[in-house]
């Protein structure tokens, strides 16, 4: 099971990293997006998507403990002999993580740029710079710094909780629809679908299973309580921030919604505090996701489900090619993409992934089958709602996602066959 020193993550560390994995980029990037869709029902959108995240967290931990392996859905599918599906989903999941990193970088650039009144070009350059900087740090072997991330998470949760409570103390329900049209009740389902990526992040802890102290006993309650806390925090922030900023302002400036609320409440001081919190939170989320995704790519490459090119490591035992490629793709998307499109594309990828994880858990469970079943049903409904929304508002984005999925399903076996053949030839030479 490893030495005592390798078991470096205790209960508080796991809880903080799980909560931080979600909050780090989540609420900073999606609040304005969900208010634009759901208006006064934004809080309910967070609750509905939380009802997918909770059973999914249960299913991730259940399957990780059952198979005694870390690696997430790829490992789960391999364990049930669905190797081809495992390879296809692994590629789509990596794409989802790349989109997520791009959203975090996008948010970093906009929050910092707003504080200093930079022009749009500098905003995009900031997004590019933060990804490049974290790629360099990872290549140097300074990958996941758990203690630093825990400190950032702690400060972030205090800042967000304080903003939310202050807003709720200044309760004014008119602010929920100030300057915009009220939305119907069912818009919460569409809004939740559009911002599901806000709950991405907790599953990265299952990739660190071997480093967690007594995971069989503590991982399940720790992860579930972290997800439950984040659901409550998101609901409070959705209500409190809207009280302070007003719906129209948060929609108009959706890229920096929380800075607008903080500025309205506390002036320049509020802007500075929120900018620092957002910058560190999004940077930590980029770093954690980049580190975990690169190592996941390396693991998948070892199973011949990615070209062996991804298995290469540098002198620091870091999967350097994976980190550089993932960082370059994410930075490119952050520079040319729009917030809503990036968020919705990433949300679709994770809805599919979490739905499949719940499906595997349902198959493998002897009891409590209702938990993954709830995850399957709710993620299916929300997934269909997102496809419906994209087909109406962003048909080209939906076609692009569909084309990528088709390319993965059709092109992946051919590409792997070619690379494995070339690798075998090199070995024989």
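Numbering (my numbering), first residue to last: 2 to 430.
All C-beta atoms, glycine included, are put in the ideal place defined by N, C-alpha and C.
The model shown is predicted, which means the values in this text are computed figures rather than measured ones.
Could you give the first and the last residue of the continuous alpha helix (DSSP H) run that contains residue i?
i, result
"residue 371", "371 to 394"
"residue 229", "216 to 246"
"residue 264", "258 to 303"
"residue 196", "Note, residue 196: premise wrong, no alpha helix (DSSP H); not H, not E."
"residue 134", "121 to 140"
"residue 311", "No alpha helix (DSSP H) holds residue 311; DSSP gives it neither H nor E."
"residue 343", "340 to 365"
"residue 113", "84 to 117"
"residue 322", "321 to 337"
"residue 65", "43 to 68"
"residue 30", "27 to 39"
"residue 74", "74 to 80"
"residue 11", "Where residue 11 is concerned, there is no enclosing alpha helix (DSSP H), given that its DSSP letter is neither H nor E."
If residue i sits next to residue j, beta carbons under 8 Å apart, how far is it from one beta carbon to the other, in whole angstroms?
i, j, result
"residue 162", "residue 22", "Their Cβ separation, rounded to whole angstroms, is 17 Å, which puts residue 162 and residue 22 out of contact at 8 Å."
"residue 196", "residue 344", "6 Å"
"residue 19", "residue 227", "4 Å"
"residue 200", "residue 346", "Actually they are not in contact, since the Cβ atoms of residue 200 and residue 346 sit about 16 Å apart, beyond 8 Å."
"residue 158", "residue 74", "Not a contact, Cβ separation roughly 28 Å."
"residue 224", "residue 58", "5 Å"
"residue 52", "residue 379", "5 Å"
"residue 328", "residue 136", "4 Å"
Spatial neighbours of residue i within its chain, please: CB distance less than 7 Å, with the 5 preceding and 5 following residues excluded, ordered by chain position.
i, result
"residue 127", "109, 110, 113 and 114"
"residue 293", "205 and 208"
"residue 17", "151, 154 and 155"
"residue 348", "194, 195, 196, 197, 198 and 387"
"residue 326", "none"
"residue 342", "395 and 398"
"residue 230", "20"
"residue 280", "109, 112 and 113"
"residue 189", "39, 42, 45, 46 and 49"
"residue 264", "271 and 272"
"residue 391", "345, 398 and 399"
"residue 406", "93"
"residue 186", "42"
"residue 402", "346 and 349"
"residue 88", "306 and 413"
"residue 381", "356"
Determine, using beta carbons only, whether residue i and residue j come nearer to each other than 9 Å.
i, j, result
"residue 138", "residue 288", "yes"
"residue 212", "residue 9", "yes"
"residue 80", "residue 90", "no"
"residue 252", "residue 116", "no"
"residue 351", "residue 376", "no"
"residue 300", "residue 72", "yes"
"residue 283", "residue 30", "yes"
"residue 246", "residue 236", "no"
"residue 337", "residue 295", "no"
"residue 41", "residue 183", "yes"
"residue 100", "residue 331", "yes"
"residue 1", "residue 56", "Since the first residue shown for the chain is 2 and the last is 430, residue 1 is missing from the structure and cannot be characterised."
"residue 98", "residue 297", "yes"
"residue 433", "residue 315", "Only positions 2 to 430 of the chain appear in the structure, and residue 433 is not among them; the question remains open."
"residue 107", "residue 340", "yes"
"residue 244", "residue 171", "yes"
Enumerate in chain order the residues of its own chain whose CB-to-CB distance from residue i is below 8 Å, with the five nearest sequence positions on each side excluded.
i, result
"residue 7", "Its pLDDT being 48, under 50, residue 7 is placed unreliably in this model, and the coordinates cannot settle the point."
"residue 389", "191"
"residue 32", "43, 238, 239, 242, 251, 255, 258 and 259"
"residue 68", "76, 77 and 80"
"residue 219", "12, 15 and 213"
"residue 364", "81"
"residue 317", "140, 141 and 142"
"residue 411", "none"
Excluding the 5 residues flanking residue i on each side, which residues of the same chain have their C-beta closer than 6 Å to its C-beta?
i, result
"residue 216", "210"
"residue 105", "26, 283, 286 and 287"
"residue 334", "103"
"residue 47", "235, 236 and 239"
Hey, is residue i's beta-carbon within less than 9 Å of any beta-carbon in chain D?
i, result
"residue 277", "Of the protein chains in the structure, only one exists, and it is not chain D."
Hey, is the segment 149 to 161 in contact with the segment 130 to 138, meaning 3+ C-beta pairs nearer than 8 Å?
-> no
Does the segment 153 to 172 touch the segment 356 to 372, meaning 3 or more C-beta pairs lie closer than 8 Å?
-> Flag = no, the segment 356 to 372 and the segment 153 to 172 do not touch.
Count the C-beta pairs between the segment 117 to 124 and the segment 300 to 311 that are closer than 8 Å, then say yes if the count reaches three, no if not.
-> no
Do the segment 171 to 180 and the segment 243 to 250 meet, that is, are 3 or more Cβ pairs less than 8 Å apart?
-> Output reads yes: the segment 243 to 250 touches the segment 171 to 180.
Check whether the segment 381 to 389 touches the segment 256 to 275, counting contact only when three or more Cβ pairs, one atom from each stretch, lie closer than 8 Å.
-> no
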